[in-house]
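>
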């Protein structure tokens, strides 16, 4: 899987998930904390799948 997803964490705890450079999802509060704890131990492919699931629009993580 190519790395089409990326994420950025802000100082106030929000997480912005981008697909091909465009922000598609913003997580805050518990959702952001859960995402970050799962992302911490994930390998590159697992991280891509995690971000794909978090967007909700990419349920299988293989669109693109």
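Numbering (this note's numbering), first residue to last: -6 to 57. Note that CB positions come from ideal geometry on N, CA and C, so glycine has one too. Keep in mind the model is a prediction, meaning the values are calculated, not measured.
1. In chain order, what residues of the same chain have a beta carbon less than 6 Å from the beta carbon of residue 54, not counting five sequence neighbours either side?
2. How about residue 25 and residue 7: are their beta carbons less than 7 Å apart?
3. Straight-line CA distance for residue 14 to residue 47?
4. Just the Cα atoms here: how many angstroms apart are residue 36 and residue -4?
5. With DSSP as the reference, identify every bridge partner of residue 15, one or two as the case may be.
In short:
1. Residue placement at residue 54 is flagged as unreliable, the pLDDT there being 47, under the threshold of 50; the coordinate-derived value follows with that caveat. Hits under 6 Å: 42, 45.
2. Cβ distance < 7 Å, so residue 25 and residue 7 count as in contact.
3. 16 Å
4. 12 Å
5. 12
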